[in-house]
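Just so we're aligned: 15 in the numbering used here is position 15 of the sequence shown, and the numbers increase by one with no gaps anywhere.
Backbone N, C-alpha and C fix where the C-beta goes; we use that ideal spot for every residue, glycine too.
None of these values were measured; they are calculated from a predicted model.
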Amino acid sequence: MSTGDTRPVGTPPPVRYPRRAVILHWIVALLVIALLASGWTMVDIPRNTPERAFFFNLHKSLGIVGALFMGALIVWRLRHDAPPLPTTMPKWERRAAVLNHHLFYVLMVLMTAAGYLTSSFSKYGPKLFGIPLPHWGWEDAALRGDFATVHRILALVFAALIALHIAAALKHLLWDRDGVFQRMMPGAKMKVP
Ligand code: HEM
1 MSTGDTRPVG
11 TPPPVRYPRR
21 AVILHWIVAL
31 LVIALLASGW
41 TMVDIPRNTP
51 ERAFFFNLHK
61 SLGIVGALFM
71 GALIVWRLRH
81 DAPPLPTTMP
91 KWERRAAVLN
101 HHLFYVLMVL
111 MTAAGYLTSS
121 FSKYGPKLFG
131 IPLPHWGWED
141 AALRGDFATV
151 HRILALVFAA
161 LIALHIAAAL
171 KHLLWDRDGV
181 FQRMMPGAKM
191 KVP
């Protein structure tokens, strides 16, 4: 695959993420999009219907599976530095990108914890494909509602940051053409740190 690199001659070549990080990034990205879509779909389904139960169980299960992959991605990132962004990017853009990526990791942890706590204080409880998981609470409608509100607000923040992340990635691909987009693409031929 071409790097689409049109930076001035003499600029050091962009460095890509290693394959393990690329695979984890795309699995987590697909799961988070599926979680946002299933979450917003299920809350509008009428109560006490099989469809609502199906989507809630699917959402909780995807959330648990997602937690495993998010955990693996966070562990990878704690053990490795991200490849440096090109110095052709303005400093504020590099800072904004790093801040956005760090907020993603924080949101992954907070969203999972808030979702698990919402389930833990409801009579239905957290489940993985129908298998009940440990409750972190007891049946309490007020606490369930509080954690659901936190979960809902964080979902909106997460979706806004994802939209910004995608817009920035497309700017690198179509406008800057500096190879930053390809750093996270499977198969791109680039230097690995
Ligand atoms: C990154 C992970 C997650 C994302 C992005 C996510 C996303 C969402 C979204 C968008 C909603 C709908 C919010 C609304 O507008 O009302 C929702 C609701 C919900 N989620 Fe998650 N979720 C995640 C993890 C989890 C986990 C791990 C669980 C439990 C095991 C869970 C349980 C729930 C429950 C019970 C609701 C319904 C809340 C209510 O009754 O209003 N979520 N989630």
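Count the other C-beta atoms from every protein chain shown that fall within 10 angstroms of the C-beta of Leu68, then say buried if there are 16 or more, exposed otherwise. exposed
Compute every distance between the C-beta of Trp40 and the non-hydrogen atoms of the ligand HEM, then say whether any falls below 6 Å. yes
Simplified DSSP assignment, three categories, for Pro50: helix
Are the beta-carbon atoms belonging to His135 and Gly145 less than 7 Å from one another? no
Residue range of the alpha helix (DSSP H) that Arg94 falls in? 91-120
Cut-off 7 Å between Cβ atoms - residues of its own chain near Met184, not counting five sequence neighbours on either side: Tyr17, Val22, His25
Return the residue from the list His102, Thr87, Leu133 that minimises the CA-CA distance to Leu78. His102
Could you give the first and the last residue of the continuous alpha helix (DSSP H) run that contains Arg42? A small fix is needed here, since residue 42 is Met in this sequence, not Arg. Run containing Met42: 19-42, per the alpha helix (DSSP H) assignment.
Rounded to a whole number of angstroms, what is the C-alpha to C-alpha distance between Glu139 and Gly66? 25 Å
How would you write the range of the alpha helix (DSSP H) that Leu173 sits in, first residue to last? Here Leu173 belongs to no alpha helix (DSSP H), and DSSP marks it neither H nor E.
State yes or no: is the C-beta of Leu36 within less than 7 Å of the C-beta of Ala167? no
In the DSSP assignment, what residue or residues form a beta bridge with Pro132? Lys127
Can you determine whether any heavy atom of the ligand HEM sits closer than 6 Å to the C-beta of Gly198, and answer yes or no? The chain is shown only over 1 to 193; residue 198 falls outside these bounds and no answer can be derived.
Straight-line gap, Ser2 to Leu154 (C-alpha atoms, nearest Å): Below a pLDDT of 50, predicted positions are generally treated as unreliable, and Ser2, at 40, falls in that range; no measurement from the model is reported.
Environment of Tyr163 [buried if 16+ CB atoms lie within 10 Å]: According to the sequence displayed, residue 163 carries Ala and not Tyr. Exposed.
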